[in-house]
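These notes are about the structure you will find just below.
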């Protein structure tokens with residue numbers, strides 16, 4: 025930006041003193057905490073009844089009527105809590121959010137120059153009182169629910185309470201107001217009235233990036249907060265607190281409960297065998313690419329490449345649909361045997377037969393993936409220096425020696441990276457393929473770790489147990505990844521991540 | 003060119019062994035390609051043939067209709083596709099899937115283009131930290147149940163936004179865009195900055211037009227991913243069947259009938275009518291499958307132009 029270039033050439037803005045900096049950093053820290061607390065259900069100030077969904081954050085309470093009331097069925101139908109009160113509560117939460125957003129905006133602006141900082145600090149001085157007003161509205165929604173509950177005599181059922189988050193947000197509002205006020209006073213007057221509101225480029229770029237960082241935080245890092253279920257006896261719809269804290273009970277449960285241990289061993293066996301088969305056949309795409317490169321017609325090459333890649337782009341559900349139309353009782357194989365080969369009694373439903381399940385899964389995976397995986401090697405072959413081949417031919421090498429001594433060594437580095445990655449991901453073979461192909465007959469041999477986590481967590485609602493399995497899997501996975509990376513660094517001097 | 007020269011050089015001394023090898027390779031690829039496309043073809047001819055012939059297994063290699071004396075003759079009908087109008091709940095899932103494919107892909111591409119550009123800016127405060135922060139999410143996964151509880155916490159269950167918002171930040175695509183933008187000569191951007199363009203303007207006027215190829219690549223992959231999405235619908239939309247995606251709907255159709263099929267193969271008593279409805283359902287399954295495959299086959303030729311480029315860029319570590 026022109027302005028910033030001029031500015032960096034001119035005299036730098038005077039440095040801030042410590043007395044100016046400290047309240048500013050305190051304010052930014054509190055603003056950040058407040059901003060994140062919006063999405064954090066345990067500190068939701070709007071959860072004025074135990075019947076309001078425990079998993080609803082302040083943000084959710086403000087925007088989603090369905091989420092806050094989804095465990096209220098009877099209470100709402102009988103109007104023991106009135107709709108108007110819930111709407112008041114939602115409006116109140118929105119007001120609190122507006123205040124929080126103003127404070128957060130102030131926090132962002134406080135990264136600017138003196139004038140911008142001063143302007144920015146006015147925002148929390150307005151925003152914090154707005155938050156307080158919103159909290160007051162929550163309070164009045166609560167009072168109104170209380171009065172109505174008393175009237176209908178159902179206070180025991182609607183279980184009103186003042187959530188801990190209410191006081192937490194009161195404290196945050198007060199702290200925001202005080203720290204922003206202190207920072208504002210410490211910042212002093214604007215001396216140069218003609219100065220423009222500006223921000224250093226590094227902070228401007230950071231603020232532009234901030235929404236992306238926050239989204240990544242919310243959807244990829246915040247789930248780690250869900251790991252706490254591993255340490256509690258949690259049932260869906262229940263609460264977690266000191267009374268059902270169980271420490272490492274679920275971790276030891278994996279090894280002490282015979283049924284679970286048996287399941288886990290079976291699932292691990294399936295997982296390792298299927299990943300192992302995948303790794304054992306990971307050279308197939310190389311063979312595919314090398315053989316295809318030996319075909320002299322480029323048209324034929326392109327034709328093969330085009331049609332063998334298609335299966336990669338359809339979902340596993342569609343693969344299953346195709347499996348049904350080929351292998352089921354009235355699928356292609358059976359009707360071919362009956363009507364063309366005139367074979368009697370050909371009506372096996374190959375999908376229902378549990379024999380060779382691992383091999384079948386491997387074959388489906390190969391059918392779907394080999395053409396696609398070969399592309400990277402085909403491109404790799406195209407990148408090999410042709411002079412190498414010419415030189416080899418002058419030395420009398422035939423085509424097999426060329427393949428063995430030139431093509432394959434040229435592809436090995438890529439192969440090593442992919443192999444290490446697949447070893448690091450040995451426990452994660454995804455659940456979609458195994459979910460769609462599983463049925464009553466083959467479920468013992470098809471259930472892999474990811475599918476097991478889904479089945480016990482979502483299917484049987486054993487949240488804590490499946491979280492424990494998932495957490496262990498994540499930790500082992502990340503360890504394996506770093507190990508693979510370490511190996512790659514040691515051998516090839518290059519990291520793979 | 004060099005490939006041709008090589009071929010020419012090889013042509014000089016081709017032995018009998020070479021010929022055998024070449025022919026074996028070509029036969030192998032013909033068989034493999036046939037295995038890859040035949041199922042699609044078989045699915046298609048089953049949906050455009052006479053349903054009774056499909057049921058009795060008379061449709062094997064060509065679409066057939068009933069001719070004189072009920073004998074199968076070569077022919078095509080589209081009644082099954084017309085009959086899809088009456089299939090319950092199909093319309094809403096097609097609409098939902100189209101909507102998420104368009105909106106989700108567009109937002110993902112914009113976010114990736116924006117973030118991919120910003121992470122190339124060395125001046126950003128703690129740039130490498132934020133970049134790593136994004137990249138780690140590719141390798142680290144908190145687990146299915148914590149993810150589900152998180153979505154619940156965000157109010158993103160039984161909510162169309164669950165299809166859109168979490169997919170916006172796609173770290174792999176951000177890396178692709180970043181790698182691509184780094185290959186654009188920096189002087190273009192610098193000259194615009196000297197002329198007084200702001201960051202947003204540089205992005206809009208210079209970076210975006212120049213990175214169209216990579217954006218097209220990630221858009222096509224994103225669209226295919228959205229179209230094929232199944233897991234999020236399965237996990238998150240328990241109380242909103244009207245928000246099921248097409249793949250989820252297809253999965254339900256496939257399962258509802260395979261249970262019937264299981265009953266029959268176990269020798270359970272199934273009435274004639276139930277058997278008939280099952281077989282009709284089979285044809286409907288095939289037709290719905292075909293409907294969900296067709297869009298992918300339609301974008302496939304465009305995709306092919308881009309995916310080699312995409313996969314090679316991906317091989318270049320970010």
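Chains as they are written, first to last, in our numbering: chain A, 25 to 521; chain B, 3 to 320.
Positions of the beta carbon are idealized from the N, C-alpha and C atoms, including for glycine.
Listed by chain order, chain A residues near residue i by CB distance under 8 Å
i	result
residue 226(B)	337
residue 25(B)	Simply none; closest approach about 11 Å.
residue 127(B)	226, 227, 229 and 230
Residue span of the beta strand (DSSP E) that contains residue i, given as start and end
i	result
residue 247(A)	From DSSP, residue 247(A) is part of no beta strand (DSSP E); its letter is neither H nor E.
residue 74(B)	74 to 76
Selection from the options that minimises the alpha carbon distance to residue i
i	options	result
residue 75(A)	146(A), 263(A) and 139(A)	263(A)
residue 371(A)	384(A), 42(A), 350(A) and 381(A)	350(A)
residue 215(A)	94(A), 138(A), 150(A) and 412(A)	138(A)
residue 247(A)	107(B), 138(B), 146(B) and 35(B)	146(B)
residue 455(A)	487(A), 518(A), 389(A) and 438(A)	389(A)
residue 492(A)	318(A), 276(A), 286(A) and 331(A)	276(A)
residue 138(B)	511(A), 498(A), 57(A) and 268(A)	498(A)
residue 164(B)	140(B), 246(B) and 126(B)	246(B)
residue 433(A)	189(A), 506(A), 311(A) and 184(A)	311(A)
residue 128(A)	46(A), 462(A), 468(A) and 145(A)	145(A)
residue 186(B)	198(B), 205(B) and 175(B)	205(B)
residue 505(A)	488(A), 473(A), 445(A) and 477(A)	445(A)
residue 121(B)	111(A), 228(A) and 487(A)	228(A)
residue 194(A)	48(A), 395(A) and 70(A)	70(A)
residue 66(A)	231(A), 187(A), 106(A) and 122(A)	187(A)
Chain A contact residues for residue i, given Cβ-Cβ distances below 7 Å
i	result
residue 60(B)	363
residue 298(B)	337 and 338
residue 113(B)	236
Boundaries of the alpha helix (DSSP H) in which residue i is found, first to last residue
i	result
residue 67(B)	Counting along the chain, residue 67(B) falls outside any alpha helix (DSSP H), though it belongs to the beta strand (DSSP E) covering 66 to 68.
residue 190(A)	188 to 211
residue 180(A)	179 to 182
residue 193(B)	188 to 196
residue 83(B)	81 to 85
residue 216(B)	214 to 229
residue 59(A)	42 to 61
residue 217(A)	No alpha helix (DSSP H) contains residue 217(A), which DSSP labels as neither H nor E.
residue 118(B)	92 to 120
residue 180(B)	173 to 184
residue 22(B)	18 to 49
residue 468(A)	467 to 470
residue 228(A)	225 to 240
residue 442(A)	432 to 448
residue 515(A)	487 to 516
residue 151(B)	146 to 155
residue 389(A)	381 to 406
residue 203(B)	201 to 204
Supposed close pair residue i, residue j - CB separation, criterion 8 Å
i	j	result
residue 183(B)	residue 133(B)	About 13 Å separates the two Cβ atoms, so there is no contact after all.
residue 328(A)	residue 471(A)	The pair is not a contact, with the Cβ atoms about 35 Å apart (cut-off 8 Å).
residue 293(B)	residue 86(B)	7 Å
residue 438(A)	residue 400(A)	6 Å
residue 159(A)	residue 170(A)	The Cβ separation is near 16 Å, so there is no contact.
Interface partners of residue i on chain A, CB under 9 Å
i	result
residue 162(B)	Near residue 162(B) there are no residues of chain A at all, since even the closest Cβ is about 12 Å away, more than 9 Å.
residue 151(B)	79, 247, 249, 250, 253, 487 and 491
residue 170(B)	236, 239 and 243
Residues that residue i contacts on chain B, provided the C-beta gap is smaller than 8 Å
i	result
residue 63(A)	155 and 156
residue 237(A)	132, 135 and 136
residue 481(A)	146, 147 and 150
residue 331(A)	35, 38 and 39
residue 84(A)	155, 156 and 157
Neighbouring residues, chain B, relative to residue i (Cβ below 7 Å)
i	result
residue 368(A)	Result: empty, since nearest Cβ-Cβ is about 14 Å, beyond 7 Å.
residue 494(A)	145, 146, 147 and 148
residue 291(A)	Within chain B, no residue comes near residue 291(A); the closest Cβ sits about 14 Å away, beyond 7 Å.
residue 344(A)	256
Under 9 Å by beta carbon: chain B residues contacting residue i
i	result
residue 349(A)	41, 44, 45, 48, 284, 287, 288 and 291
residue 190(A)	Ordered by position in chain B, no residue passes the 9 Å Cβ test against residue 190(A), which lies about 18 Å from the chain.
residue 358(A)	59
Which runs of the alpha helix (DSSP H), 4 residues or longer, sit entirely within the stretch 269 to 327 of chain A?
Listed in chain order, they are 273 to 280, 282 to 304 and 308 to 318.
Scan the stretch 72 to 141 of chain A and note each continuous alpha helix (DSSP H) run of 4 residues or more that stays entirely inside, going in chain order.
The stretch 72 to 141 of chain A contains these whole alpha helix (DSSP H) runs: 82 to 87, 89 to 93, 97 to 101 and 107 to 133.
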